[in-house]
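Visitor:
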Amino acid sequence: MNVEMKGIDKSFGTNQVLKNVEFSLRDGEIHALMGENGSGKSTMMKILTGVYTRDAGKVFVDGKEVVYNNPQEAEKAGIVFIYQELNVLFDMTVEENMFMGKEIVGPFGICDKAAMRKQAQDVMDKLGVNIPVDAVMSDLSVGQQQMVEIAKALMVDAKVLIMDEPTAALTQSETRTLFEVVKGLRAKGVSIVYISHRMEELFELCDRISILRDGEYVGTRDMKTVTMEEIVQMMIGREIGERFPKREHKIGEEIFRVENLNHPKLFRDVNFNVRAGEVLGVAGLMGAGRTEIMHAIFGNMPNVTGKVFIDGKEVSIANPRQAIQAGIGFITEDRKVEGLLLEKSICENIEIANLDRISENNVVSFAKSNELAQAGIDDFKIRCFGTDHECVNLSGGNQQKVVLAKWIYTNPKILILDEPTRGVDIGAKKEIYNVINDMAAKGVAVIMVSSELPEVLGMADRVMVIHDGQVAGIIDGAEADQQKVMTLATGGSL
Amino acid sequence: MKDKKICGVKIGEYGAFIALIFLVLALSAISPEFRTASNFLNLLRQASFNGLIAFGMTCVILTGGIDLSVGSTFALSAIICAEMIMYGLPAPVAVLFALACGTVLGIVSGLLVTKGRLQPFIATLITMTAYRGMAMILTDGKPISRLAEHCSSGSFIFKAMGKGNLVSIFTDAIKIPIPAIILIAVFFAFYFLLNYTTYGRRIYATGSNEKCAALVGVNINKVKLSVYAISGLMSALAGLLMISRVNSAQPNLGVGYELDAIAAVALGGTSMNGGRGKIAGTVAGVLIIAVLNNGLNILGVTSYYQEVIKALVILIAVLSDRK
Ligand SMILES: Nc1ncnc2c1ncn2[C@@H]1O[C@H](COP(=O)(O)OP(=O)(O)OP(=O)(O)O)[C@@H](O)[C@H]1O
Ligand SMILES: [Mg+2]
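Heads up: the sequence lines are chains A and B, in that order.
Here numbering that gives the first Met the number 0 is used: position 376 in the first sequence is 375, and no number is missing along the way.
Here numbering that gives the first Met the number 0 is used: position 92 in the second sequence is 91, and no number is missing along the way.
(1) Do you know how far the Cα of A:Ile78 is from the Cα of A:Gly49?
(2) Taking Cβ to Cβ, would you say A:Ser368 is nearer than 8 Å to A:Leu211?
(3) Could you tell me whether any non-hydrogen atom of ligand 1 is closer than 7 Å to the CB of A:Asn410?
(4) Is A:Lys40 a contact residue of ligand 2, with contact defined as CB to any heavy atom under 7 Å?
(5) What span of residues does the beta strand (DSSP E) with A:Asn14 cover, start to end?
(6) For A:Phe329, which residues in chain D fall below 7 Å Cβ to Cβ?
(7) Select from A:Gln15, A:Asp26 and A:Thr13 the residue whose C-alpha is nearest the C-alpha of A:Met0.
(8) Does the beta carbon of A:Lys361 come closer than 8 Å to any beta carbon on chain B?
(9) Which term fits B:Pro250, buried or exposed, when burial requires 16 or more other beta carbons within 10 angstroms of its beta carbon?
(10) Taking C-alpha atoms, which residue in A:Gln324, A:Thr52 and A:Ile7 lies nearest to A:Leu414?
(11) Taking Cβ-Cβ distances below 7 Å as the criterion, which residues of the stretch 347 to 358 of chain A are in contact with chain B?
(12) Counting only Cβ pairs nearer than 9 Å, list the residues of chain B close to A:Leu341.
(13) Please list, in chain order, the chain B residues whose beta carbon lies closer than 8 Å to that of A:Pro319.
(14) Are the C-beta of A:Ile323 and some C-beta of chain B separated by less than 8 Å?
(15) Measuring only between beta-carbons, confirm whether A:Glu337 sits less than 8 Å from chain B.
(16) A:Ala372 and A:Ile349: beta carbons closer than 8 Å?
(17) When we look at the beta-carbon of B:Arg44 and count the other beta-carbons within 10 Å, is it buried (16 or more) or exposed?
(18) Give me the Cα-Cα distance between A:Gly12 and B:Asn49, rounded to the nearest whole angstrom.
(19) Tell me, to the nearest whole angstrom, how far the beta carbon of A:Gly298 is from that of A:Ile316; I am working on the premise that it is less than 8 Å.
(20) Given that A:Asn299 touches chain B, what residues does it touch there, using C-beta distances under 8 Å?
(21) Listing by chain order, which chain A residues have their CB less than 7 Å from the CB of B:Tyr198?
(22) Using the Cβ count rule (16 or more neighbours within 10 Å means buried), how would you classify A:Lys158?
(23) Does any residue of chain A have a CB that is nearer than 8 Å to the CB of B:Arg275?
(24) Under the criterion of a Cβ to heavy atom distance below 7 Å, does A:Asp163 qualify as lining ligand 2?
(25) Could you tell me whether any Cβ in chain A is nearer than 8 Å to the Cβ of B:Ala204?
(26) For my contact list, A:Asp417 and A:Thr290 are in at a C-beta cut-off of 8 Å; report their separation, rounded to the angstrom.
(27) Among all the DSSP beta bridges, which residues are the ones paired with A:Arg274?
(28) State the Cα-Cα distance for the pair A:Lys63 and A:Gly6, rounded to the nearest angstrom.
(29) Do A:Ile254 and A:Leu32 have their C-beta atoms within less than 8 Å of each other?
(30) Do you know whose CA, among B:Asn194, B:Val285 and B:Met160, lies nearest B:Leu61's CA?
(31) Between B:Gly238 and the rest of its own chain, which residues show a CB-CB distance below 6 Å, the 5 nearest in sequence each way excluded?
(32) Give a single yes or no on whether B:Ser30 has its beta carbon closer than 7 Å to a heavy atom of ligand 2.
(33) Considering only the beta carbon of each residue, do B:Leu323 and B:Ile175 sit closer than 8 Å?
(34) Flag this pair as yes or no: are the beta carbons of A:Asp480 and A:Val278 separated by less than 8 Å?
(35) Buried or exposed: where does B:Pro178 fall if 16 or more other Cβ atoms within 10 Å of its Cβ makes it buried?
(36) Please tell me whether A:Val181 and A:Ile29 are closer than 8 Å, where the distance is taken between their beta carbons.
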């Protein structure tokens, strides 16, 4: 199926987010859609599938003009959207999620559980992932939930599949599986729109690329002939230079040390340290226990034993408050669930982590609070309408910047970042790297968990690899490479 | 951005006030009796009981909880105060002790929610039932009457609380009921607390996203415990004003008050999921309910119809308030 979108306009309130945008998708191609955070990629695709109505413009499918009033109509026509924001029912099982609204019913409207379970299992097998279909969604990791979303889309006989940053929460091996599935679909003639901020993926997977900038269409290129520099140039209108900016400063004394951190189920004998101005990268497969270890350090997990030293002194951290008092900042992996007060404004989100800073005798100063939020918007170049912009209506990357801002202003001595650039565009990624480097230059000890290997290798002074809840090894940044990290991450030894 | 705007005013925020003004104008147009100054002042007195309870309820609902025990706390605190007066303790002592008891009753609900990990609905359903029972046990189910006459000392204070008026120095036609003055003072306290203090920010954050709030160092259990304590204190205060006004206490006081309080909070635009809402909205909600009760009474509408009309007004107000 081919799709043609022409002259699309879209405004939210007074803010025009799409201006005369065009997009064309051929039969059986994988078409990358790229652009900075907030450039309108998701909005464009939501217009195609009828989530949003367009203000102007036309949509043609197989040459015929169509209007979908809602995603169900689009899905009936064979256009399936895997949303950037996970769309799962947390209290229900995988199988129930997959069949929501399209249950297999037998006589008398009774659900045929067995048939549904089997079919769900078949799709999982086809995807090559090992997720029990009767597991409850909230027990799964974000990556696994993402896989379920993809599985859900595969159940429908899709002719056009839109994937909005599908790999953001996936690890390398899962990404590989996904790529095989996507290529398989293309071979069957399915057309795929692939939105991602990961350059390497696009070059490997896609046939063509279209680029949006500030809600305007910049152009479409053939993936075989275009260069990374050209894409960046088209996206942000300038070159960004080095992807991973260099650090010049010297690394100081040890600030932070963890000894014998243990949890009955999740991890064992975790020992490591971080020095002032050092960036410790933490790599590993999904489910290896990286996120859990960070939560444990931050006092956000029961039943943890072990010692934590800050500046050589043992500190006891039983809850996040004590962690913050001890000087730890923690940017969590899942910004929707843990990172943001989604319904609240940028101002309120930055404020809540910095109450001491904006108040005197527990009385809040509105001026100071606003000033801090404005500083956040300026320092981090958050694209928004103002300090009272609600975070739900920010694009994914800009939400991440709000989370970063709120922690950076607490002036932590130790900064833990769990997947800090997930869903962030290449320009903003560099801004985040710059922030990390600035923090390191100020003598902050940085711990950066990331599933994006190039990022870990590009940014870390040392790389700690976690395998199955244990530290599989710590490699010096200069010696670390993809192969060594993957060997350790999969249980091998160097 | 999501709110509908009329003349630059977000009606989402002021919907309850618009409804209130509309109601007052309509009733004033129909009934000359309604639009007298003395009736308005009387109306304020009637509103103050539900108002105090609704303020506490607003805090609880903002954290994402609910407090069904307010009516029972209202009764039990009042009974405790009455029993102490009958026992011969000075009225101020009895009053202060009863207020403290109300706070403790709230804390018990709070502990069930935080330490006991019960859902607020269940936790306060339990305390609601228990407190009502205790009020019955303490009194043997019988009313305690002629309280003011039994006060060993401080009967003036006891009488003034619920019955008293502040007489204007210009004309004694305008007598402002003391409960209304207390209500206004408490309103300003809550307004300040919720809007200008770090504690207020923590309440909103807890209701908005508990996990996120906890991770930035908000002690969510402390916040939750405190709002139930506040709710208990407010219910007790309302209960004391009530027994002062009627000069007697009975164990079935305040039955169903939780529903009026919740209705007022909902009318005021506070989200039942927590995190969103304004105390000023609750004031409007409380006044709408009071105006309806008062106006329909004056118009001679029978109480069966009153309930249905009240329900309709709440439905319309809440629907029009939606974004
Ligand atoms: N429902 C909404 N209400 C108001 N503004 C919105 C809404 N949805 C999106 N926007 C705004 O529209 C712009 C485009 O958003 P969109 O989500 O399409 O960006 P994107 O290109 O997908 O970004 P990202 O890479 O971060 O996901 C942003 O400025 C965003 O704040
Ligand atoms: Mg997007």
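Backbone N, C-alpha and C define an ideal beta-carbon position, used for all residues, glycine too.
Computed from a prediction, not measured in an experiment: that's the story for all the values here.
Guide: Per the coordinate set shown:
(1) As a first step, residue 49 of chain A must be located in the first sequence, where it is residue number 50. As a first step, residue 78 of chain A must be located in the first sequence, where it is residue number 79. Cα to Cα, A:Gly49 sits roughly 10 Å from A:Ile78.
(2) As a position in the first sequence, residue 368 of chain A is number 369, starting the count at 1. As a position in the first sequence, residue 211 of chain A is number 212, starting the count at 1. Cβ atoms of A:Ser368 and A:Leu211: not closer than 8 Å.
(3) Position 411 of the first sequence, counting from 1, holds the residue named residue 410 of chain A. No, since every heavy atom of ligand 1 falls outside the 7 Å radius drawn around the Cβ of A:Asn410.
(4) Position 41 of the first sequence holds residue 40 of chain A. The answer is yes for A:Lys40.
(5) By 1-based counting over the first sequence, the position of residue 14 of chain A is 15. Taken as a continuous stretch (DSSP letters only), the beta strand (DSSP E) holding A:Asn14 covers Asn14 to Leu24.
(6) Among the chains of the structure shown, chain D does not appear; the protein chains present are A and B.
(7) For the purposes of this step, residue 0 of chain A is taken as the residue at position 1 of the first sequence. Nearest option by C-alpha distance: A:Asp26.
(8) For this step, residue 361 of chain A is matched to residue 362 along the first sequence. Note on residue identity: the sequence assigns Asn, not Lys, to residue 361 of chain A. By this cut-off, A:Asn361 is an interface position.
(9) Position 251 of the second sequence holds residue 250 of chain B. The residue is buried, with at least 16 neighbouring Cβ atoms inside 10 Å.
(10) Here the question's residue 414 of chain A lines up with position 415 in the first sequence. When only C-alpha atoms are compared, the closest one is A:Gln324.
(11) Glu350, Ile351, Ala352, Leu354 and Ser358
(12) For this step, residue 341 of chain A is matched to residue 342 along the first sequence. Under the 9 Å cutoff, chain B gives Ser207, Asn208 and Cys211.
(13) Indexing the first sequence from 1 puts residue 319 of chain A at position 320. Simply Ala213, Leu214, Val215 and Gly216.
(14) Walking along the first sequence from the start, residue 323 of chain A turns up at place 324. Chain B contact via Cβ: present.
(15) Sequence index remark: in the first sequence, residue 337 of chain A carries index 338 (1-based). A Cβ of chain B is located within less than 8 Å of the beta carbon of A:Glu337.
(16) The residue given as residue 372 of chain A occupies position 373 in the first sequence. The residue given as residue 349 of chain A occupies position 350 in the first sequence. One thing to note: A:Ala372 has its Cβ within 8 Å of the Cβ of A:Ile349.
(17) Taking the second sequence and counting its residues from 1, one reaches residue 44 of chain B at position 45. With 16 or more Cβ atoms within 10 Å of its Cβ, B:Arg44 is classed as buried.
(18) For the purposes of this step, residue 12 of chain A is taken as residue 13 along the first sequence, with counting starting at 1. For the purposes of this step, residue 49 of chain B is taken as residue 50 along the second sequence, with counting starting at 1. Distance between the alpha carbons of A:Gly12 and B:Asn49: 39 Å.
(19) Within the first sequence, numbered from 1, the residue matching residue 298 of chain A stands at position 299. Within the first sequence, numbered from 1, the residue matching residue 316 of chain A stands at position 317. Correct: roughly 4 Å between the Cβ atoms.
(20) Looking up residue 299 of chain A in the first sequence gives position 300. Near A:Asn299 (Cβ distances below 8 Å), the residues of chain B are Ala213 and Leu214.
(21) Mapped onto the second sequence, residue 198 of chain B falls at position 199. Going along chain A in sequence order, the residues near B:Tyr198 (Cβ under 7 Å) are Asn361.
(22) The residue given as residue 158 of chain A occupies position 159 in the first sequence. Under this definition A:Lys158 is a buried residue.
(23) By one-based count along the second sequence, residue 275 of chain B stands at place 276. It does: the Cβ of B:Arg275 has a partner Cβ on chain A nearer than 8 Å.
(24) Here residue 163 of chain A is taken as the residue at index 164 of the first sequence, counted from 1. Because some heavy atom of ligand 2 lies under 7 Å away, the Cβ of A:Asp163 counts as near it: yes.
(25) Translated into the one-based positions of the second sequence, residue 204 of chain B becomes position 205. Yes - at least one Cβ of chain A is within 8 Å of the one on B:Ala204.
(26) Mapped onto the first sequence, residue 417 of chain A falls at position 418. Mapped onto the first sequence, residue 290 of chain A falls at position 291. Sure, about 6 Å apart at Cβ, within 8 Å.
(27) In the first sequence, residue 274 of chain A corresponds to position 275, counting from 1. DSSP lists A:Glu253 as partners of A:Arg274.
(28) The residue given as residue 63 of chain A occupies position 64 in the first sequence. The residue given as residue 6 of chain A occupies position 7 in the first sequence. Answer to the nearest angstrom: the Cα atoms are 16 Å apart.
(29) Position 255 of the first sequence holds residue 254 of chain A. Position 33 of the first sequence holds residue 32 of chain A. No.
(30) On the second sequence, position 62 is the one that residue 61 of chain B refers to. B:Leu61 has its Cα closest to that of B:Asn194, out of B:Asn194, B:Val285 and B:Met160.
(31) Here residue 238 of chain B corresponds to residue number 239 of the second sequence, with the count starting at 1. Taken in chain order, the residues that qualify are Phe73, Ser76 and Ala77.
(32) For the purposes of this step, residue 30 of chain B is taken as the residue at position 31 of the second sequence. Checking every heavy atom of ligand 2 against the Cβ of B:Ser30, none is found closer than 7 Å.
(33) Outside the displayed range of chain B (0 to 322) lies residue 323 of chain B, so it cannot be described from this structure.
(34) Reading the first sequence from its first residue, position 481 is the one you call residue 480 of chain A. Reading the first sequence from its first residue, position 279 is the one you call residue 278 of chain A. Not closer than 8 Å, so no.
(35) As a working note, residue 178 of chain B is residue 179 in the second sequence. By the 10 Å Cβ count, B:Pro178 comes out buried.
(36) For the purposes of this step, residue 181 of chain A is taken as the residue at position 182 of the first sequence. For the purposes of this step, residue 29 of chain A is taken as the residue at position 30 of the first sequence. Result yes, Cβ atoms of A:Val181 and A:Ile29 sit closer than 8 Å.
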